[in-house]
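Protein chains: 2
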Amino acid sequence: MRIGWIGLGVMGAPMAMHLLRAGHEVVVHTRTRSKADALLAAGAGWANSPSEAASGRDVACSMVGLPAEVEAVHFGPTGTLAAPQLPRLLIDFSTSPRSLALRLSEESARRGVEALDAPVSGGDIGARNGTLSIMVGGSPQAFASAEQVFAAFGKTVVHVGPAGAGQATKAVNQILVAATCVGMGEALAYASSAGLDLGRVLSVVSAGAAGSWTLSNLAPRALRGDWNPGFMVDHLVKDLRIVMAEANEQGIRADLTAFAEGLYSAIQASGGGRDGTQAIVRHLLQGEG
Amino acid sequence: MRIGWIGLGVMGAPMAMHLLRAGHEVVVHTRTRSKADALLAAGAGWANSPSEAASGRDVACSMVGLPAEVEAVHFGPTGTLAAPQLPRLLIDFSTSPRSLALRLSEESARRGVEALDAPVSGGDIGARNGTLSIMVGGSPQAFASAEQVFAAFGKTVVHVGPAGAGQATKAVNQILVAATCVGMGEALAYASSAGLDLGRVLSVVSAGAAGSWTLSNLAPRALRGDWNPGFMVDHLVKDLRIVMAEANEQGIRADLTAFAEGLYSAIQASGGGRDGTQAIVRHLLQGEG
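Here it is in structure tokens:
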């Protein structure tokens, strides 16, 4: 397929690389051109704007950070929907509010373009290994037409419902991620205070009913003092605020999520916004004293 | 080995059965004799008291509920340490306070008996499949001498430290279990309020960074309205109160655990104490309205 790809961060870059390796014709755009070096060397084309990346493609994909960036990429003056030759399909892999997914779907439809909201889970590891979980909202036809794209980096790809359902499912996902991260932090702080050998503790609790992806993948990083982001604190805070706003709007209680949002905001406030979410361990260990 | 086994609940019965099937000579005791039927039919012997179960054995094991029961089984007038011929080793697989593990170790040592605290994780599924995680506290010699016992039903067996370290590690484990259970409840309540198809949501979020043992094993039970206990609410509340008491004593903050303890106590108060821990989903779904 002829694919335009916008956004080459810690997730977007390996996802685009998988598409390239799967034999697709990929043109990329990202704000900081140097981030495209490896992809250009591997055969990708360069576009000077989202509009140029999208023009005349089968599909234009975005994987960016904040909702405002998603809006600029698709609705801005140099956005995908301003392309001289509109693509057939837009897929937004970013995590955004459901309302933004609905707007993308509506504005696309008005121009005869299909759209899918397709946020992912699995972190940088999942993106690199091509084992992401992808939760897709949109029409069944659009979903079917994007199969080859998802197959390039997705291991578990589920069409969860109409436009917006992908983002609502991602909110569910982030509630779970927040719970496992905060649980990991509190548990390791307890273990440390109790004078236990954290490595041995981890080797046994990870394997039983206390196990989680977070514990298996992020706790070992925390134990060796590696705070590099698989998934950044800044992004989790953004996601949790989306969840809280949505929950407040719908009158849903989300006490644990609110508690997690408070903790991660505190990490942000103390300068850890660009660390990985495993920084919760450092934060709660410091809180011991 | 010649093994005395005390306690045949949802965990103890399959654990004792694994020992029997591994070729050990097993004598069992439990308060409700009918619970021993399957084991007696499979070749186990019956003892009328913990003392009788323990007498003359290589090892006497307990897998019971409350700390008071652990005390009665080992320190009571018909307890293991009152056996006419003391066993060589005591192993308590129950989840108890660290202080009780230390007392068991001391009172045993005074009589020339070794002791291990060896709480497990993995739920009824792990007990039946022989895939439990076992976190063991005690001397290296005692740990080595119990290898055959652990091998019968343990998949991940870790000697975490001296007497009491097994129970401290189990506290860490239960903090993690509580976090994943509450996260599951809050996430599924959100998904339900958002009008999502819970089965599809689960199929995609379980596979990524939001995944956990709890989500894979307990969420499907909740979705089909199966509240039967793998692990009972009453027992989780007991465990979390042990964690909270220990945390308060050591000045450790455990806010998430306290929050989880509050929720599970509310489930208990509304009559769900004998349900499985997945009842958190029902509780938080009801809380929506």
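The listed protein sequences derive, respectively, from chains E and Y.
Those letters in the first sequence? Residues 1114 to 1402, per this note's numbering, in order.
Those letters in the second sequence? Residues 1114 to 1402, per this note's numbering, in order.
Cβ atoms here follow ideal geometry from the backbone N, Cα and C, with glycine treated the same way.
Of the choices the options, whose alpha-carbon is the least far from that of residue i?
i               : options                            : result
G1274 (chain E) : E:V1249, E:T1327, E:M1297          : E:V1249
P1433 (chain E) : E:V1183, E:I1204, E:E1165          : Because chain E in this structure spans residues 1114 to 1402, residue 1433 (chain E) falls outside the shown range and cannot be described.
D1171 (chain Y) : Y:G1117, Y:T1143, Y:A1155, Y:A1160 : Y:G1117
N1242 (chain E) : E:A1367, E:A1264, E:A1155          : E:A1264
A1323 (chain E) : Y:S1221, Y:S1234, Y:S1212, Y:D1150 : Y:S1234
V1271 (chain E) : E:A1284, E:L1301, E:P1232, E:A1300 : E:P1232
L1199 (chain Y) : Y:G1169, Y:A1307, Y:A1157, Y:F1256 : Y:G1169
A1173 (chain Y) : Y:T1193, Y:A1181, Y:G1251, Y:E1219 : Y:T1193
R1313 (chain Y) : E:T1269, E:G1158, E:T1244, E:H1396 : E:T1269
A1358 (chain Y) : Y:S1305, Y:L1336, Y:I1393, Y:A1284 : Y:A1284
V1255 (chain E) : E:V1394, E:D1352, E:R1201          : Contrary to the premise, residue 1255 (chain E) reads as Ala rather than Val in this sequence. The shortest C-alpha separation from A1255 (chain E) is found at E:R1201.
A1307 (chain E) : Y:S1319, Y:L1309, Y:A1367, Y:G1136 : Y:A1367
E1219 (chain Y) : Y:T1191, Y:R1395, Y:S1252          : Y:S1252
V1140 (chain E) : E:A1160, E:M1128, E:D1150          : E:A1160
L1179 (chain E) : E:A1371, E:P1127, E:D1352, E:I1365 : E:D1352
G1321 (chain E) : Y:H1396, Y:L1203, Y:I1288          : Y:I1288
L1229 (chain Y) : Y:G1189, Y:Y1303, Y:R1354, Y:A1278 : Y:A1278
A1371 (chain Y) : Y:K1148, Y:A1195, Y:A1181, Y:V1295 : Y:V1295
G1225 (chain Y) : Y:L1245, Y:I1247, Y:A1195          : Y:A1195
L1215 (chain Y) : Y:S1316, Y:L1301, Y:A1276, Y:A1149 : Y:A1276
Q1363 (chain E) : Y:L1203, Y:A1304, Y:T1293, Y:G1158 : Y:A1304
Taking 7 angstroms as the CB-CB limit, is residue i close to chain E?
i               : result
V1317 (chain Y) : yes
L1369 (chain Y) : yes
T1208 (chain Y) : no
G1402 (chain Y) : Caution is warranted here: a pLDDT of 40 is assigned to G1402 (chain Y), below 50, making its placement in the model unreliable, and the coordinate value is therefore given only provisionally. Cβ-Cβ to chain E under 7 angstroms: no for G1402 (chain Y).
V1314 (chain Y) : yes
A1335 (chain Y) : no
A1281 (chain Y) : yes
Which same chain residues end up closer than 8 angstroms to residue i when comparing Cβ atoms and leaving out the 5 residues on each side of it in sequence?
i               : result
Q1399 (chain Y) : none
S1378 (chain Y) : V1350
V1183 (chain Y) : S1175, V1177, D1205, S1207, S1209, L1213, L1217
M1130 (chain E) : A1151, L1152, A1155
G1402 (chain E) : The pLDDT assigned to G1402 (chain E) is 40, lower than 50, so where the model puts this residue is not dependable; a value taken from the coordinates is nonetheless given after this. Excluding residues within five positions, none has a Cβ falling inside 8 angstroms.
Is there at least one Cβ from chain Y nearer than 7 angstroms to residue i's Cβ?
i               : result
E1227 (chain E) : no
S1147 (chain E) : no
Q1363 (chain E) : yes
L1398 (chain E) : no
M1248 (chain E) : yes
W1326 (chain E) : yes
G1321 (chain E) : yes
S1306 (chain E) : yes
L1311 (chain E) : no
T1390 (chain E) : no
Need the endpoints of the alpha helix (DSSP H) that residue i sits in, please.
i               : result
A1335 (chain Y) : 1332-1336
G1251 (chain E) : Here G1251 (chain E) belongs to no alpha helix (DSSP H), and DSSP marks it neither H nor E.
V1123 (chain Y) : That residue, V1123 (chain Y), is in no alpha helix (DSSP H); it is neither H nor E in DSSP.
A1181 (chain E) : 1180-1188
R1313 (chain Y) : 1311-1318
A1379 (chain Y) : 1368-1380
G1385 (chain Y) : First-last for G1385 (chain Y): undefined, no H or E at that position.
M1357 (chain E) : 1346-1363
P1163 (chain Y) : 1163-1167
S1147 (chain E) : Unbroken run through S1147 (chain E): none, as it is neither H nor E.
A1196 (chain E) : Taken as a continuous stretch (DSSP letters only), A1196 (chain E) belongs to no alpha helix (DSSP H), as it is neither H nor E.
R1224 (chain E) : Counting along the chain, R1224 (chain E) falls outside any alpha helix (DSSP H), and DSSP gives it neither H nor E.
G1239 (chain E) : 1236-1242
Just to confirm my understanding: we take residue i, look at its own chain, exclude 5 residues before and 5 after, and list those with CB closer than 6 angstroms. What are they?
i               : result
E1138 (chain Y) : R1115
A1155 (chain Y) : L1133
I1119 (chain Y) : H1142, P1163, A1166, S1175, V1186
M1297 (chain Y) : T1327, L1328, A1332
Spatial neighbours of residue i within its chain, please: CB distance less than 7 angstroms, with the 5 preceding and 5 following residues excluded, ordered by chain position.
i               : result
P1342 (chain E) : V1123, R1387, D1388, G1389
A1281 (chain E) : R1211
L1240 (chain Y) : The question names Leu, yet the displayed sequence has Ala at residue 1240 (chain Y). Cβ within range, chain order: M1124, P1127, M1128, F1266.
Which first and last residues belong to the beta strand (DSSP E) in which residue i is found?
i               : result
V1271 (chain Y) : 1267-1274
D1230 (chain E) : 1227-1230
D1205 (chain E) : 1202-1205
V1141 (chain Y) : 1138-1142
A1300 (chain E) : Run containing A1300 (chain E): none in the beta strand (DSSP E); it sits in the alpha helix (DSSP H), 1278-1306.
A1173 (chain E) : 1172-1175
When every heavy atom of the ligand PLP is checked, does at least one fall within less than 6 angstroms of the C-beta of residue i?
i               : result
A1367 (chain Y) : With respect to the ligand PLP, the structure shown offers nothing to examine, as it has no ligands at all.
To be precise: take each residue of the segment 1229-1245 of chain E, compare its Cβ to all Cβ atoms of chain Y, and keep it if any distance is under 8 angstroms. Which residues remain?
Answer in chain order: V1233, S1234, G1235, G1236, G1239, L1245.
So if I threshold CB-CB distances at 7 angstroms, which residues from the segment 1126-1156 of chain Y count as touching chain E?
Listed by position, the residues of the segment 1126-1156 of chain Y near chain E (Cβ gap below 7 angstroms) amount to none.
Can you give me, in chain order, the residues of the segment 1284-1300 of chain E that have a beta carbon less than 8 angstroms from any beta carbon in chain Y?
Taken in chain order, the members of the segment 1284-1300 of chain E whose beta-carbon sits within less than 8 angstroms of a beta-carbon on chain Y are A1284, V1285, N1286, Q1287, I1288, L1289, V1290, A1291, A1292, T1293, V1295, G1296, M1297, E1299, A1300.
Give, in chain order, every residue of the segment 1191-1216 of chain E whose Cβ lies closer than 7 angstroms to some Cβ of chain Y.
Correct list: empty, as no residue qualifies.
Given a limit of 9 angstroms on CB to CB distance, which residues of the segment 1247-1276 of chain Y reach chain E?
Per Cβ criterion, the list reads I1247, M1248, V1249, K1268, T1269, V1270, V1271, H1272, V1273, G1274.
What are the residues of the segment 1369-1383 of chain Y that lie near chain E, defined by any Cβ-Cβ distance shorter than 8 angstroms?
So the list reads L1369, T1370, F1372, given in the order they occur along the chain.
By the 7 angstroms beta-carbon criterion, what residues does the segment 1345-1361 of chain Y contribute toward chain E?
Residues A1360.
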